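Working notes for the structure below.
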Amino acid sequence: MNQETILDINDLRTSFLVDGFEVKAVDGVSFKLPKGKTIGIVGESGSGKSITAMSILQLLDKPGKIMGGEINFKGRDLTKLSEKEIRDIRGNEISMIFQEPMTSLNPVYTIGQQIRETLKVHQGLDKQRGTKKAIELLTLVGIPSPEQRVKQYPHELSGGMRQRVMIAMALACNPELLIADEPTTALDVTIQAQILELIKDLQSELGMSVIMITHDMGVVAETCDYVAVMYGGKVVEYQDVKSIFKSPKHPYTVGLLNSIPRHDTDVDELEPIKGNVPSPKDMPEGCRFAPRCPFATELCTQELPTLDTQADGGEVRCWIYTDRWDGDPEVNVRESKRTAESE
Amino acid sequence: MNTEQMKQTNIKATKKDRPWKRSLKDFYKKLVKNKSALIGGYLIIILIIIAIVGPFLTTLDPAKPDYAIKLEEPSADHWFGTDHHGRDIFTRVIHGLWITMFIGFTATILGSIAGVIIGIVSGYYGGKIDAVIMRFMDILLAFPGILLALALISILEPSRSNVIYAIAIFAIPTFARIVRGSTLATKNLEYIDAMKALGASDLRIISKHIFPNILSPIIVQASLFIANAVITASGLSFLGMGEQPPSPELGALLSDGRDFMWDAGHIALFPGLVIMLIVLAFNVFGDGLRDALDPKMNKK
């Protein structure tokens, strides 16, 4: 990665302090995002992906707290900024779009008023110029007859339209980084494709970097350049998007890929990953995935592996790829199904 | 806007209307369906008009005694009769209506402003601030309203402004509670997070995004509380702790009539009827307003 890095997260740790207990939701996450590229953060519910995103903008609700680590955005550590400074960055240099377009717009204001508000906060635009810019933005995100739309209320728009409005609001100040927290989860499939296409187009048009948070490997394949797979608050695998589909390394990544239907092979039954994400309250001592991993050995349950760089440039947190691996030396994680059955 | 004007805008309303006009129209339609609310609304408007215009139209002095005509029964000259000082009760009721309504409205406005601010701060920031504020509100709520007002006035002194403050203070916890609850429900909605993510400050989020969304329970509570404030204001004067003689506050008029209940019932009857009318109007209107603003009722 020789390109300019826009975001460099280093050992980010975010916890929730509940009744004197520290619940580690994000536990030592590190990744870099080159300028103009898209990174996908993938994982099941509860893996800490949304909390990572919230930590970047420091939007954590109480009792969430960043316990340590650095979030370097353009050379500035966001964790050390004051409330006022981070507010100037929110919506201006870093924007975020949310999962639920149906509830992410305030029902009492028109679309135009809401877009204008962002422009007013960060650029001090008056009503007239704000409206003009709002219409431009709505045109940019592909909303037909924007002159009428600015006067409408959120309930008069469909889910896909609202998500476009959200994107327009997020783009109002030409942010350099866009965080999309499951932007298509609540939309139906055809609209999903449209919204992803829109984000991709806007990205190349405006030169933004994007963090795409999702649990959908299809979305990853469609939009991302790099992928960080998260499990139990830690990154378990980091690769560029081609390698992750061609040669997934971590058994969890393999599990995720096996649980989605494919067009090129004829599979009778999809293979889900058995079990659930462990609660952050009682994380396994060793590898967090060990209780659900078909290859887990004693070593896996006792000691947590580190995130190691592999020969092909990817990073993976798994004992299988280390010298200390004590299981079958010929193990092939991509044949997990057969292995699981033979056990 | 009075109801007549509202009707007119409804007739004129077309699809080209601005959206807020449309929602006002919807709201009015719902309100109209509730007949008792409509009657309450008209009654309130009539009472307000009488309270404002009435004192300028009466020819008699409400405070000037004329012992030649004391304790007269209702007649063409004195519609509501005269009291033991020979003062015209009709004139006094008209003037008293203004005083009582003024106290009711001002106290409710003051109390609701303070209660709304306290409730929003408490609900929005949560944590220790919330715990301290709400425990204090619980203490205030533990006193029956009139008792609290009585205690406050005996510490201060009986005067119109002190009555207003006392009623406003006991209005605070009821408003604070409702507002806190609504704020809690609203602040966790996604559009508030979205506004935060767009860089809006707390003050902006509270004033532009939370407040407009919790306005309807506040309006309902205010219209119901005015009735309460009117009863308390006249109750205080009745007990001699509010308006002082010769002020024609409705409660004071009632108190005047108490001694002559068997000989000249009209002295107490008319002020009492007017108090009842005010309270009834606001209660009925408030109930109707609540139904009209409650989205759950719309499905029916």
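In the order they appear, the protein sequences are chains A and B. The numbering used here puts the first residue of the first sequence at -12, with every later residue one more than the last. The numbering used here puts the first residue of the second sequence at 16, with every later residue one more than the last. The beta-carbon is built from N, C-alpha and C at its ideal position, and this holds for glycine as well. Every value quoted in this text rests on a predicted model; they were computed, and no experiment measured them.
(request) Assign Met291 of chain B to one of two classes, buried (16 or more other C-beta atoms within 10 Å of its C-beta) or exposed (fewer than that). (result) The residue in question, Met291 of chain B, is exposed, as its Cβ has fewer than 16 Cβ neighbours within 10 Å.
(message) Is the separation between the beta-carbon of Ile133 of chain B and that of Ala191 of chain B shorter than 8 Å?
(response) Yes; because the gap between Cβ atoms is below 8 Å, this pair is in contact.
(request) Taking a Cβ distance cut-off of 7 Å, strictly less, list which residues of the region 32 to 66 of chain A are near chain B, in chain order. (result) Look at the region 32 to 66 of chain A: the residues with a C-beta under 7 Å from a C-beta of chain B are Leu44, Leu46, Lys49.
(request) Classify Ser6 of chain B as helix, strand or coil using the three-state DSSP reduction. (result) Since the first residue of chain B shown is 16 and the last is 315, residue 6 of chain B is not available in this structure.
(message) Counting only C-beta atoms, is Leu304 of chain B closer than 8 Å to chain A at any point?
(response) No, Leu304 of chain B does not count as interfacial toward chain A.
(message) Taking CB distances under 8 Å as the criterion, tell me whether Arg74 of chain A reaches chain B.
(response) At least one chain B Cβ lies under 8 Å of Arg74 of chain A.
(message) Excluding the 5 residues flanking His110 of chain B on each side, which residues of the same chain have their C-beta closer than 7 Å to its C-beta?
(response) Counting only Cβ-Cβ distances below 7 Å, and skipping sequence neighbours, we find Pro70, Pro77, Pro263.
(request) Can you grab the Cα-Cα spacing for the pair Asn298 of chain B / Ile234 of chain B, in whole Å? (result) Taken atom to atom, the span from the alpha-carbon of Asn298 of chain B to that of Ile234 of chain B is near 13 Å.
(message) Quick check: the region 251 to 266 of chain B against the region 130 to 149 of chain B, are at least 3 beta-carbon pairs closer than 8 Å?
(response) In short, these stretches do not touch, since the Cβ pair count stays below three.
(request) Less than 8 Å between the CB atoms is what I'm expecting for Thr39 of chain A and Ile26 of chain A, so what's the real figure, rounded? (result) Contact annotation, Thr39 of chain A with Ile26 of chain A: C-beta distance approximately 11 Å; criterion of less than 8 Å not satisfied.
(message) Quick check on Ile260 of chain A: buried or exposed, where buried means 16 or more other Cβ atoms within 10 Å of its Cβ?
(response) By the 10 Å Cβ count, Ile260 of chain A comes out buried.
(message) What does the Cβ neighbour count give for Lys143 of chain B, buried or exposed, with the cut at 16 atoms within 10 Å?
(response) Exposed, by the Cβ-count rule.
(message) I'd like to know if Met83 of chain A contacts chain B, where contact means its C-beta is closer than 8 Å to some C-beta of that chain.
(response) Among the CB atoms of chain B, one or more fall inside 8 Å of the CB of Met83 of chain A.
(message) Taking the straight line between their C-alpha atoms, what separation do you get for Arg136 of chain A and Thr97 of chain A?
(response) Computed Cα separation, rounded: 9 Å.
(request) Using a Cβ-Cβ cut-off of 8 Å, state whether His100 of chain B counts as contacting chain A. (result) Output row for His100 of chain B: interface = no.
(request) Please decide whether Leu356 of chain B counts as near chain A, where near means a Cβ-Cβ distance under 8 Å. (result) Residue 356 of chain B lies beyond the stretch modelled for chain B, which goes from 16 to 315, so this question has no answer here.
(message) Could you compute how far the alpha carbon of Ala215 of chain A sits from the alpha carbon of Gly300 of chain A?
(response) Spanning the two alpha carbons is a distance of roughly 13 Å.
(request) Hey, could you find the ends of the alpha helix (DSSP H) Asn(-3) of chain A is sitting in? (result) Boundaries around Asn(-3) of chain A are those of the beta strand (DSSP E), -8 to 5, since no alpha helix (DSSP H) includes it.
(message) Going by C-alpha to C-alpha distance, which of A:Leu291, A:Glu302, A:Val16 sits closest to Arg311 of chain A?
(response) Nearest in C-alpha terms to Arg311 of chain A, of all of A:Leu291, A:Glu302, A:Val16, is A:Leu291.
(message) Please state whether the Cβ-Cβ distance between Thr123 of chain B and Phe240 of chain B is less than 8 Å.
(response) In this structure, Thr123 of chain B lies near Phe240 of chain B, with their beta-carbon atoms less than 8 Å apart.
(message) Closer than 9 Å between beta carbons: that is the criterion. Which residues of the region 108 to 125 of chain A meet it against chain B?
(response) Taken in chain order, the members of the region 108 to 125 of chain A whose beta-carbon sits within less than 9 Å of a beta-carbon on chain B are Val108, His109.
(message) Whole angstroms are fine: how far does the CA of Leu304 of chain B sit from the CA of Gly30 of chain A?
(response) Roughly 48 Å separates the two Cα atoms.
(request) Reducing DSSP to helix, strand and coil, say where Gly130 of chain B ends up. (result) If DSSP states are grouped into helix, strand and coil, Gly130 of chain B belongs with the helices.
(message) Looking at the strands, I want to know which residues DSSP matches up with Leu164 of chain A.
(response) DSSP output for Leu164 of chain A lists A:Ile81, A:Ser196 as bridge partner(s).
(request) Please specify which runs of the alpha helix (DSSP H), each continuous and at least 4 residues long, are wholly inside the region 210 to 246 of chain A, giving them in chain order. (result) With a minimum length of 4 residues, the continuous alpha helix (DSSP H) runs that stay inside the region 210 to 246 of chain A are 228 to 233, 238 to 245.
(message) Using 8 Å for Cβ pairs, my map puts Asp313 of chain A next to Leu286 of chain A. What's the rounded Cβ distance?
(response) Rounded to the nearest angstrom, the Cβ distance from Asp313 of chain A to Leu286 of chain A is 5 Å, consistent with a contact under 8 Å.
(request) Check the Cβ of Leu92 of chain A against every Cβ in chain B and list those closer than 7 Å, keeping chain order. (result) Ordered by position in chain B, the residues that pass the 7 Å Cβ test against Leu92 of chain A are Tyr206.
(request) Using a Cβ cut-off of 8 Å (strictly closer), state whether Gly99 of chain A contacts chain B. (result) For Gly99 of chain A, the answer is no, since every Cβ of chain B falls outside 8 Å of its Cβ.
(message) Using only CA atoms, which one of B:Ala186, B:Thr106, B:Ile193, B:Gly119 lies nearest to Phe226 of chain B?
(response) The shortest Cα separation from Phe226 of chain B among B:Ala186, B:Thr106, B:Ile193, B:Gly119 belongs to B:Ile193.
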